[in-house]
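Novice: This is the structure I have questions about; it appears just below.
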Amino acid sequence: MTTGSLARQVGVSPTTLRSWDRRYGLGPETRDEGRHRRWMPGDVAMVLDMCRLTAAGIPPAEAAKAAKARAEADGPVGPPLALSASRSGSGLPLGDVRQECRGLARAAVRLDAVAVQERLVAAVTAHGLVAAWEEILAPALQAVGRKWASAGERYVEVEHLLSWHVSATIRHVYVSAASARRMPRSAPVLLACMPGEQHTLPLEALNAALAERGVPTLMLGAAVPADVLEAAADRVGPSAVVLWAQSAATAGLALARHVAAASWGVRGARTHSRVLLTGPGWGRAAHPALLHPPGLREALAALDAPQTAHPRQSYGA
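Numbering of the sequence shown is given in full-length UniProt numbering, commencing with residue 1 and proceeding in unit increments.
In structure tokens:
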């Protein structure tokens with residue numbers, strides 16, 4: 001493999017690979033007659049180790065020493081499976097983000113599923129779900145989404161890989177929290193994507209965060225038809241209804257107002273549910289009976305606040 005090909009595969013620049021070779025001796029053993037670098041499978045495995053270690057915050061010199069020691073201990077290796085299927089390049093538009101977010105994005109670009117899962121678990125363990133979502137997971141998802149939008153189909157596999165592992169990590173938090181404590185038999189918070197809306201990850205994050213706080217929830221997931229949403233609300237009488245819309249095309253304000261106006265419970269003791277409009281699809285839509293929190297923290301605060309609270313805007317990836 002040439003230096004340019006390897007750089008595109010692992011998500012770093014050719015200059016970085018040459019610098020690692022020059023400074024730390026982290027280069028290929030084989031070179032052609034023109035002294036061009038030719039990276040063999042063992043060399044590629046060593047570079048992947050270097051990428052994982054530096055993305056985790058280890059200084060390059062220490063990372064290179066560890067990568068070389070592991071390569072010497074492991075001996076010859078076959079073709080790296082993660083790279084043979086990868087078509088993704090580098091340069092995700094991350095901006096000013098935490099180092100953990102950069103490491104997660106780089107692992108996703110490399111299609112390194114093991115590293116992606118390790119980064120996600122480490123982020124949630126170190127920072128908690130809410131901070132990890134807002135500062136690491138969501139920015140990485142947003143960057144991949146922007147890259148996909150600008151690069152056509154080239155980054156679809158990266159987004160699918162990252163989304164699947166983020167969902168798996170969040171659901172593990174939910175299951176662990178729900179099984180660790182006995183949820184009260186009170187009216188749940190109902191969470192649903194608007195009809196036609198498939199983006200569920202921000203709602204999954206809110207669902208898991210509520211479970212950590214001992215709040216009962218009813219998660220209906222993606223693309224919930226209007227009649228199904230109304231029937232579910234009528235059956236459980238939710239304390240609040242959280243509606244997610246990623247795009248303006250799925251943000252049906254009429255349905256949201258209808259849910260907010262409906263009453264639940266037995267005759268003589270019927271109540272209304274607070275409705276939270278979440279997601280960028282709602283824009284500046286407003287209604288006196290509807291809440292509009294800007295982020296995951298604000299959504300959690302809005303669900304704890306008195307009925308008169310009216311935070312604005314929307315949140316999510």
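C-beta atoms are modelled at their ideal positions from N, C-alpha and C, and glycine is treated no differently.
Report the residue from E29, H172, V10, L210 whose alpha carbon sits nearest the alpha carbon of L190.
Specialist: L210
Novice: What do you get for P202, buried or exposed, if any count of 16 or more other CB atoms within 10 angstroms of its CB means buried?
Specialist: buried
Novice: Would T250 be called buried (16 or more neighbouring beta carbons within 10 Å of its own) or exposed?
Specialist: buried
Novice: Provide the residue(s) that pair with G252 in DSSP beta bridges, ordered along the chain.
Specialist: Answer by DSSP bridge pairing: none, since G252 is not bridged.
Novice: Under the assumption that A108 contacts V144 (Cβ atoms under 8 angstroms), give the Cβ distance between them as a whole number of angstroms.
Specialist: 6 angstroms
Novice: Do you know offhand how far R70's Cα is from E62's?
Specialist: 12 angstroms
Novice: Secondary structure at M46, three-state DSSP: helix, strand or coil?
Specialist: helix
Novice: What are the boundary residues of the beta strand (DSSP E) that R274 is part of?
Specialist: For R274, the enclosing beta strand (DSSP E) has its first and last residue at 274-278.
Novice: How is the beta strand (DSSP E) around W244 delimited, first residue to last?
Specialist: 240-244
Novice: Where does L201 sit, in a helix, a strand or coil, going by DSSP?
Specialist: Correct three-state label for L201: helix.
Novice: Select from G252, A301, R171, R182 the residue whose C-alpha is nearest the C-alpha of A240.
Specialist: A301
Novice: For V224, I'd like the list of residues in its chain whose CB is within less than 7 angstroms of its CB, leaving aside the five on either flank, ordered along the chain.
Specialist: A192, C193, P195, listed in sequence order.
Novice: Assuming G295 contacts E134 under a Cβ cut-off of 8 angstroms, what Cβ separation, rounded to an integer in Å, is found between them?
Specialist: 6 angstroms
Novice: Who are the near neighbours of A177 in its chain, counting only those whose CB is closer than 7 angstroms to its CB and skipping five residues on each side?
Specialist: A208, A211, E212
Novice: Got a sec? Which residues, its chain only, sit under 6 angstroms from G89 by beta carbon, not counting five neighbours each side?
Specialist: Interpretation of G89 is limited by its pLDDT of 38, a score under 50 that renders its predicted location unreliable; the figure taken from the coordinates is listed afterwards. Within the same chain, G89 has close Cβ partners R8.
Novice: Measuring alpha carbon to alpha carbon, tell me which residue in V242, E157, H127, H36 is nearest A105.
Specialist: Among V242, E157, H127, H36, the Cα nearest to that of A105 belongs to E157.
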